[in-house]
Amino acid sequence: GNSVTQMEGPVTLSEEAFLTINCTYTATGYPSLFWYVQYPGEGLQLLLKATKADDKGSNKGFEATYRKETTSFHLEKGSVQVSDSAVYFCALRDSNYQLIWGAGTKLIIKP
Amino acid sequence: DTAVSQTPKYLVTQMGNDKSIKCEQNLGHDTMYWYKQDSKKFLKIMFSYNNKELIINETVPNRFSPKSPDKAHLNLHINSLELGDSAVYFCASSQVGQGEKLFFGSGTQLSVL
């Protein structure tokens with residue numbers, strides 16, 4: 005069946021460090037892929053998405069590239085800020101248009 | 073106006089009680105969801121309604137009963153609360169055919185004592 009695997013957190017970085025949060029998936033066909041972010045005390049919100057192989061989604065300085073050959077969709081940011089501290093969820097859309105979620109990765113940015 | 077609003081934000085109650093969480097969306101979406109998030113942030117879908125019709129009903133104890141009086145509202149009623157029900161419950165909505173773009177409420181933190 006379809007599944008999403010994320011790197012386990014928490015990930016702790018200093019401000020201005022480079023961020024990578026790994027996400028790999030298992031799915032039939034070529035699903036659309038997503039990153040959602042959950043700031044403390046809030047609901048999740050869509051951060052970025054990619055709908056086909058080699059697409060790059062980007063938003064708020066974050067990027068992720070849909071890699072079919074490695075079935076991955078790693079989230080990256082060149083210089084993180086304290087305000088990026090949140091929980092990040094990778095997800096894929098199945099053939100029924102429902103989301104399959106990863107377990108979430110908590111990111112902590114220290115000043 | 074908040075797009076997806078749920079009440080209450082915090083709910084503290086005793087084991088065995090019955091409680092309800094309300095959710096309303098003003099986005100005109102056709103589909104609404106209930107998710108449960110445990111203490112490790114793991115997110116699990118519980119129910120999904122499309123135009124007041126139940127379309128997803130995951131393996132959830134039948135103590136949990138969703139009710140959708142109209143497509144803008146999806147309430148969650150929980151009977152005979154147990155300690156393991158303690159979690160954050162999120163309501164969300166999406167438009168038909170755009171099931172991947174969910175709009176979430178800010179959550180209801182349920183604590184069962």
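In the order they appear, the protein sequences are chains A and B.
The opening position of the first sequence corresponds to residue 5 in the working numbering, with each subsequent residue numbered one higher.
The opening position of the second sequence corresponds to residue 73 in the working numbering, with each subsequent residue numbered one higher.
Think of the CB as a built atom: it goes at the ideal place given N, C-alpha and C, for glycine as much as any other residue.
Note that the structure is a prediction, hence the values are computed from the model and not measured.
- No Cβ of chain A is located within less than 9 Å of the beta carbon of S111 (chain B).
- Assignment of beta strand (DSSP E) within the segment 77-108 of chain A, counting only whole runs of 3 or more residues, yields 79-81, 90-97, 103-105 in chain order.
- As a beta-bridge residue in DSSP terms, A159 (chain B) pairs with B:L182.
- The closest CA to that of K116 (chain B), considering only B:F162, B:S178, B:F175, B:Q181, is found on B:F162.
- A57 (chain A) is classed as exposed because its beta carbon has fewer than 16 other beta carbons within 10 Å across all chains shown.
- Separation of G61 (chain A) and T69 (chain A) (C-alpha to C-alpha, rounded to the nearest whole angstrom) is 6 Å.
- A Cβ-Cβ contact shorter than 9 Å links A95 (chain A) with L37 (chain A).
- Under DSSP, P141 (chain B) shares a beta bridge with no residue.
- Listed in chain order, the non-local C-beta contacts of E67 (chain A) below 8 Å within the same chain comprise L52, K60, G61, L79, E80, K81, local neighbours out to five positions each way being set aside.
- When CB distances to chain B are screened at a threshold of 8 Å, the residues of the segment 41-70 of chain A falling below it are Q42, G45, E46, G47, L48, Q49, L50, K53, in chain order.
- Under the Cβ criterion of 9 Å, S183 (chain B) is not counted among the residues facing chain A.
- A contact between stretches requires three or more CB pairs, one per stretch, nearer than 8 Å, and the segment 95-104 of chain B fails this requirement with the segment 153-160 of chain B.
- As computed with DSSP, N89 (chain B) is found in no beta bridge at all.
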